[in-house]
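Undergrad: Okay, here's the structure, questions in a sec.
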Amino acid sequence: MATSTASGSTRRENSAKVVVADQISQAVQSTSNLLHLMQQSTPSHAQLVKLPKNLLAKVPTIQNTRQVLEQMPQVVTSLDSHVENGLQSVPHLKTVAQLLTNMESNQLSSLSQVGVSRENHNVGSDLRHLPLNLEMQASS
């Protein structure tokens with residue numbers, strides 16, 4: 090049941106993305122067509138010439154923006170695909186993180202056991218020399 094709900098939600102999201110991508114594409118295409126018509130039309134061309142030079146200098150930027158906007162639906166789709174793949178990798182990343190945590194914990198545990206073992210060894214060797222030290226003090 091949860092799987093069918095998730096897949097239904099995914100289908101709705103994908104459908105909405107397709108609709109938005111289509112609308113963006115249509116708006117860009119309409120703007121592009123209008124720009125081409127204005128450039129080709131003699132009266133419009135005359136009006137364009139009357140525009141201040143700084144606006145005419147921006148025409149290439151506007152055309153580049155048009156090209157970028159035309160490519161935007163493909164970019165969004167590609168980005169969406171990469172995000173989806175990344176989200177599918179999250180469980181694997183959690184597993185790797187847990188393994189690293191366990192390895193670190195085991196290493197710290199081993200190091201602390203080595204330290205305790207050395208301390209016990211040093212205490213034991215000190216205790217072995219204790220009677221000798223007491224005997225030496227008693228004889229003095």
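Mind the numbering: the sequence shown is residues 90 to 229 in the numbering used here, read in order.
Cβ coordinates follow ideal geometry from the N, Cα and C atoms, glycine included.
All figures in this text were calculated on a predicted structure; none of them were measured in a lab.
1) Is the beta carbon of Pro162 sitting closer than 8 Å to the one on Ala110?
2) Please say whether Arg155 and Thr120 have beta carbons closer to each other than 8 Å?
3) Quick one: grab the DSSP three-state call for Lys147.
4) Count the other CB atoms within 10 Å of the CB of Val164; is the residue buried (16 or more) or exposed (fewer)?
5) Who are the Cβ neighbours of Leu124 in its own chain at under 8 Å, not counting the five residues just before and after it?
6) Can you tell me whether Ser104 is buried or exposed, with buried defined as 16 or more other CB within 10 angstroms of its CB?
7) Residues in the same chain with beta-carbon distance under 8 Å from Ile113, minus the five sequence neighbours each way, listed in chain order, please.
8) Can you grab the Cα-Cα spacing for the pair Asn181 / Ala146, in whole Å?
TA: According to the structure data:
1) Counting from 1 along the sequence shown, the entry for residue 162 is found at position 73. Counting from 1 along the sequence shown, the entry for residue 110 is found at position 21. A contact, by the Cβ cut-off of 8 Å.
2) Within the sequence shown, residue 120 is the residue found at index 31, counting from 1. Within the sequence shown, residue 155 is the residue found at index 66, counting from 1. Yes, Cβ-Cβ distance for Thr120 and Arg155 is below 8 Å.
3) On the sequence shown, position 58 is the one that residue 147 refers to. In this structure, Lys147 counts as coil in the three-state DSSP scheme.
4) Walking along the sequence shown from the start, residue 164 turns up at place 75. Label assigned to Val164: exposed.
5) Along the sequence shown, read from residue 1 onward, the residue named residue 124 stands at position 35. Closer than 8 Å at Cβ, skipping near neighbours: Ile151, Gln152 and Arg155.
6) In the sequence shown, residue 104 corresponds to position 15, counting from 1. Of the other Cβ atoms in all chains shown, fewer than 16 fall within 10 Å of the Cβ of Ser104; this residue is therefore exposed.
7) If you number the sequence shown from 1, residue 113 lands on position 24. Excluding sequence neighbours, Ile113 sits near Leu158, Met161 and Pro162.
8) Residue mapping note: residue 181 aligns to position 92 of the sequence shown, counting from 1. Residue mapping note: residue 146 aligns to position 57 of the sequence shown, counting from 1. Just to set this straight, residue 181 is His in the shown sequence, not Asn. For His181 and Ala146, the distance between alpha carbons rounds to 52 Å.
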